[in-house]
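Inspection log for the structure reproduced underneath, given as structure tokens.
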Amino acid sequence: MDEITRQVSRARRRLLAFQFVQFLSRTLLVTLLLTVMALAVPKIWSVDFGGPLWTWGWIVGAAVVSLVIGVGVTYWRGKTTIEVALEIDHRFGLKERVSSSLALTRAERDAGAGAALVRDATRRVSRVEINEKFPWRIRWPELSPLLLILGVVALLTIPDAENVAQTSAPTAVEVRRQIHKVADRASEKFKRQRKQLAERNLKEVADLLLQAERVAEDIKKDGGIDRKKAAIKLNNLARDLEKRRSEMGDRSALKKQLDQLKDLKAGPAEKLAKAIREGDFRKAGNELQELRKKMESGTLSQEDQEKLAEQLQQLQDKLQQLAESHQRKKQDLQKQIDQARGNNDLAKAGDLQRQLEKLQAQDQQAKSLQQLANKLSQAQQQMQKGDQQAAAQELAQMAQDLQQLEDAGEQLEAMQALESELSEMRDMMNCQQCNGQGCQACQSNSASSLAAQSQNANGGQGDRPGDGRKGEGAGQGYRAEEKTDTDTIQARNRGNAKAGPSVITGDADGPNKSGLSKTAAREVIQSAENADTDPLENVRLPRVERDHSNEYFDKLRQGEE
1 MDEITRQVSR
11 ARRRLLAFQF
21 VQFLSRTLLV
31 TLLLTVMALA
41 VPKIWSVDFG
51 GPLWTWGWIV
61 GAAVVSLVIG
71 VGVTYWRGKT
81 TIEVALEIDH
91 RFGLKERVSS
101 SLALTRAERD
111 AGAGAALVRD
121 ATRRVSRVEI
131 NEKFPWRIRW
141 PELSPLLLIL
151 GVVALLTIPD
161 AENVAQTSAP
171 TAVEVRRQIH
181 KVADRASEKF
191 KRQRKQLAER
201 NLKEVADLLL
211 QAERVAEDIK
221 KDGGIDRKKA
231 AIKLNNLARD
241 LEKRRSEMGD
251 RSALKKQLDQ
261 LKDLKAGPAE
271 KLAKAIREGD
281 FRKAGNELQE
291 LRKKMESGTL
301 SQEDQEKLAE
311 QLQQLQDKLQ
321 QLAESHQRKK
331 QDLQKQIDQA
341 RGNNDLAKAG
351 DLQRQLEKLQ
361 AQDQQAKSLQ
371 QLANKLSQAQ
381 QQMQKGDQQA
391 AAQELAQMAQ
401 DLQQLEDAGE
411 QLEAMQALES
421 ELSEMRDMMN
431 CQQCNGQGCQ
441 ACQSNSASSL
451 AAQSQNANGG
461 QGDRPGDGRK
471 GEGAGQGYRA
481 EEKTDTDTIQ
491 ARNRGNAKAG
501 PSVITGDADG
511 PNKSGLSKTA
521 AREVIQSAEN
531 ADTDPLENVR
541 LPRVERDHSN
551 EYFDKLRQGE
561 E
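Quick note: the sequence shown, position 198, residue 198 per our numbering, numbers continuous.
Okay, here's the thing in structure tokens:
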């Protein structure tokens, strides 16, 4: 009875799986058809709904609904055990032996006739292969949802239809009103910042802010302004600002140079050297004032004075090396430029010239480092003479140089902030979402644009295009015209490779005959002879024939006929 139950369970699992595939394919056919229709609506007409939530909601919903309906219908309409047994009897020709055995009660199976029926059914059903009559197969109708899946994938690649009324270009009056609104707000902002910078003694940046304020006033008063004219005025101002900022040098490059001031000896000037190495000139000035007070009051011991003299000498040597290294790099680049021009390699000469211009922009910083080195040298000499008062005066002058470096750093930061505000003005004037009110889209664009401009200004490439003023990456927007190199032409002509001519060296001996050769005929005959005698070792017999063969060989081994 266990064998009957096992075979019926195997057949029932296969029937349920086949029914599930049938119901799932039919349900998918309906749900995917509705999904295609729903996804096609925003592709054809401009509607308020749509987008990723609408699209993936229909796709996931169709899959979930189809799966739930397929499982539910399979469970509700699945065949019972008796129905599966009848199906086995029908497909294997067992004349209802299996179904009759399962229909018997326990008492009937223990009776003589019932037990004989069960034994006969067990013997018959043990010889059948369920997978022969209940195979795993998928018919063509079950694959029909694949066509609709391809349709859904195709619709995902098509953008939604746009509303012509919403996407139409604004009128000139609306654009002019938006530009005036942005310029008015920027003018008031520049005026407030200019007053604040005037109190901090940053006159040069205050002058740039005054220039920006005048540009904003001109834009606001221009009755025929448009986005192109406004962009030209802002780009001209941004170009002047960029030029002035490049003349002041790169603060990050200065900090990178000062980072080489390492491995200084311990002593009273240790905090001063650390502040200079970190580029914190304000802190360095404070440390220098503290050190000067100790020297003037005479509180430094003889040992501290000797350590201070050694530290000042070591710091002076390193600053002197930085200044000399800057000059050597400029000289080496100039030699390479002259050599490239002598070899008529203008492309390389242009690249080297840009590198030289970057170094030349740092001349003021190198000059400041040289001045610091000179002040340290003079202070160290006074320390060796034992004149702490004179050394303190030299350090006081050095504090003024540090203050100038700190002011230059603040000016660079203020110029970068002004660049950010000009970029924000351009984005707000061109923004289609807020009409100049200021939104997250245009403000985030201006912030990322400033980062890209800063990176392109250093010769790198950012994650979005710059404004085209400087850098090696792709730019966008309006930019000034510049002279291009037209004295050289670089071209490369690729050859058109073709097959060469054929060369006949002679004829083969003997007549030409078509047909089968002797060697090929001999191989055909040998393969035919071997095919009749080779045992069929890899052929698996059906279960009925296999059991019959085993029974025959068992009797033969036992000596029975």
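The beta carbon of each residue, even a glycine, is placed where N, CA and C say it ideally should be.
From a predicted model like this one, the values you see are computed outputs, not experimental measurements.
Just the Cα atoms here: how many angstroms apart are Arg-426 and Gln-353?
-> What you label residue 426 is simply residue 426 of the sequence shown in a count that begins at 1. What you label residue 353 is simply residue 353 of the sequence shown in a count that begins at 1. Approximately 31 Å between the Cα atoms of the pair.
With burial defined as no fewer than 16 other Cβ atoms inside 10 Å of the residue's Cβ, what is the status of Pro-52: buried or exposed?
-> Locating residue 52 in the sequence shown gives position 52, counting from the first residue. With fewer than 16 other Cβ atoms within 10 Å, it is exposed.
Are the region 409–426 and the region 229–247 touching, with three or more C-beta to C-beta distances below 8 Å?
-> yes
In the structure shown, what three-state DSSP assignment does Ser-79 receive?
-> On the sequence shown, position 79 is the one that residue 79 refers to. It is worth fixing the name first, because residue 79 is Lys in this sequence and not Ser. Residue state, collapsed to three classes: coil.
Assumed close pair Ser-59, Thr-35 - CB separation to whole angstroms, cut-off 8 Å = On the sequence shown, residue 59 is found 59 positions in, with the first residue counted as 1. On the sequence shown, residue 35 is found 35 positions in, with the first residue counted as 1. The sequence shown places Ile at residue 59, rather than the Ser named in the question. Ile-59 to Thr-35, Cβ: 6 Å. Contact.
Just to confirm, are Trp-76 and Ala-161 a CB contact at a threshold of 7 Å?
-> What you label residue 76 is simply residue 76 of the sequence shown in a count that begins at 1. What you label residue 161 is simply residue 161 of the sequence shown in a count that begins at 1. No; because the gap between Cβ atoms is not below 7 Å, this pair is not in contact.
Going by CA-CA distance only, name the one from Asn-430, Arg-546, Gly-151, Gly-72 that's closest to Val-175.
-> Taking the first residue of the sequence shown as position 1, residue 175 is located at position 175. Nearest C-alpha to Val-175: Asn-430.
Evaluate Ala-408 with the Cβ neighbour count: other Cβ atoms within 10 Å of its Cβ, from every protein chain shown; 16 or more gives buried, anything less gives exposed.
-> Here residue 408 is taken as the residue at index 408 of the sequence shown, counted from 1. Buried, by the Cβ-count rule.
Please report how far the alpha carbon of Lys-358 lies from the alpha carbon of Leu-197, in whole angstroms.
-> As a position in the sequence shown, residue 358 is number 358, starting the count at 1. As a position in the sequence shown, residue 197 is number 197, starting the count at 1. About 28 Å.
Expected contact under 8 Å - CB spacing of Ala-632 and Ile-179 to nearest Å | Outside the shown range of the chain, which is 1 to 561, sits residue 632, and nothing can be said about it.
Starting from the C-beta of Lys-271, find all residues in its chain whose C-beta is less than 6 Å away, skip the five residues before and the five after it, and write them out in chain order.
-> Within the sequence shown, numbered from 1, the residue matching residue 271 stands at position 271. Taken in chain order, the residues that qualify are Glu-287.
Kindly list the residues whose CB is nearer than 8 Å to the CB of Val-65, restricted to its own chain and excluding five residues on each side of it in sequence; keep chain order.
-> As a first step, residue 65 must be located in the sequence shown, where it is residue number 65. Excluding residues within five positions, the ones whose Cβ falls inside 8 Å are Thr-27, Thr-31.
Inspect the CB distances between the region 366–375 and the region 313–320 and report whether three or more fall short of 8 Å.
-> yes
So what does DSSP say about Asn-286, is it helix, strand or coil?
-> The residue given as residue 286 occupies position 286 in the sequence shown. Correct three-state label for Asn-286: helix.
Is Ala-392 closer than 7 Å to Ala-295 when the C-beta atoms are compared?
-> Reading the sequence shown from its first residue, position 295 is the one you call residue 295. Reading the sequence shown from its first residue, position 392 is the one you call residue 392. The sequence shown places Met at residue 295, rather than the Ala named in the question. Going by C-beta atoms, Met-295 is nearer than 7 Å to Ala-392.
Taking only runs that begin and end inside the region 330–410, name each unbroken alpha helix (DSSP H) of 4 or more residues, in chain order.
-> 346–360, 363–385
Quick one: grab the DSSP three-state call for Ile-138.
-> Translated into positions along the sequence shown, residue 138 becomes position 138. Coil, per DSSP.
Rounded to whole angstroms, how far is the Cβ of Ala-40 from the Cβ of Leu-155, which I believe are closer than 8 Å?
-> Counting from 1 along the sequence shown, the entry for residue 40 is found at position 40. Counting from 1 along the sequence shown, the entry for residue 155 is found at position 155. Contact holds; Cβ gap of about 6 Å.
Using the Cα positions of Leu-312 and Leu-322, report the straight-line distance between them to the nearest angstrom.
-> Locating residue 312 in the sequence shown gives position 312, counting from the first residue. Locating residue 322 in the sequence shown gives position 322, counting from the first residue. So the alpha carbons of these two residues sit roughly 15 Å apart.
For Asp-280, which option in Ala-390, Met-37, Glu-410, Ala-62 has the closest C-alpha, if you only look at C-alpha atoms?
-> Start at 1 with the first residue of the sequence shown, and residue 280 comes out as number 280. Checked all of Ala-390, Met-37, Glu-410, Ala-62; the closest Cα to Asp-280 is Glu-410.
Val-47, DSSP secondary structure in three states | As a position in the sequence shown, residue 47 is number 47, starting the count at 1. If DSSP states are grouped into helix, strand and coil, Val-47 belongs with coil.
Taking just the CA atoms, how far does Trp-56 sit from Pro-542?
-> As a first step, residue 542 is located in the sequence shown; it is residue number 542 there, counting from the start. As a first step, residue 56 is located in the sequence shown; it is residue number 56 there, counting from the start. When rounded, the distance between both Cα atoms is 50 Å.
Under 6 Å Cβ to Cβ from Trp-54, same chain only, skipping five residues before and after it: list those, please.
-> Walking along the sequence shown from the start, residue 54 turns up at place 54. Nothing meets the Cβ criterion.
Taking all protein chains shown into account, decide if Glu-424 is buried (16 or more other Cβ within 10 angstroms of its Cβ) or exposed.
-> The count along the sequence shown starts at 1 and reaches residue 424 at position 424. Buried is the call here.
Thinking C-beta only, is Ile-219 closer than 7 Å to Val-275?
-> Working through the sequence shown from its first residue, we reach residue 275 at position 275. Working through the sequence shown from its first residue, we reach residue 219 at position 219. Reading the sequence as shown, one finds Ala at residue 275 and not Val. Contact flag unset, no.
Are there 16 or more other CB atoms within 10 angstroms of the CB of Gln-362, so buried, or fewer, so exposed?
-> Stepping through the sequence shown from its first residue, residue 362 is reached at position 362. Burial call: buried.
Could you give the DSSP three-state label for Leu-202: helix, strand or coil?
-> Taking the first residue of the sequence shown as position 1, residue 202 is located at position 202. Three-state result, Leu-202: coil.
Mapping DSSP to helix, strand and coil, what is Asp-160?
-> On the sequence shown, position 160 is the one that residue 160 refers to. Asp-160: coil per DSSP, three-state reduction.
C-beta atoms of Glu-406 and Arg-227 nearer than 7 Å | Taking the first residue of the sequence shown as position 1, residue 406 is located at position 406. Taking the first residue of the sequence shown as position 1, residue 227 is located at position 227. No, these two residues do not count as a Cβ contact at 7 Å.
For Glu-204, which residues from the same chain have a beta carbon less than 8 Å from its beta carbon, with the 5 sequence-adjacent residues on both sides left out?
-> Translated into the one-based positions of the sequence shown, residue 204 becomes position 204. The residues are Arg-244, Gln-411.
Is the beta carbon of Gly-78 sitting closer than 7 Å to the one on Leu-16?
-> Numbered from 1 along the sequence shown, position 78 holds the residue referred to as residue 78. Numbered from 1 along the sequence shown, position 16 holds the residue referred to as residue 16. Yes. Within cutoff.
Using DSSP with H/G/I as helix, E/B as strand and the rest coil, what is Gly-559?
-> On the sequence shown, position 559 is the one that residue 559 refers to. Coil.
Phe-20 to Ala-38, Cα distance in whole Å?
-> Against the sequence shown, residue 20 aligns to sequence position 20. Against the sequence shown, residue 38 aligns to sequence position 38. About 26 Å.
Minimum C-alpha distance to Ala-238 - residue among Asp-222, Lys-221, Leu-208, Gly-224 | As a working note, residue 238 is residue 238 in the sequence shown. Checking every option, the nearest Cα to that of Ala-238 belongs to Leu-208.
Of the listed residues Gln-355, Gln-22, Thr-74, nearest to Arg-137 (C-alpha basis) = Stepping through the sequence shown from its first residue, residue 137 is reached at position 137. Ranking the options by Cα distance to Arg-137, first place goes to Gln-22.
Glu-413 classed as buried or exposed, judged by whether at least 16 other C-beta atoms fall within 10 angstroms | Stepping through the sequence shown from its first residue, residue 413 is reached at position 413. The residue in question, Glu-413, is exposed, as its Cβ has fewer than 16 Cβ neighbours within 10 Å.
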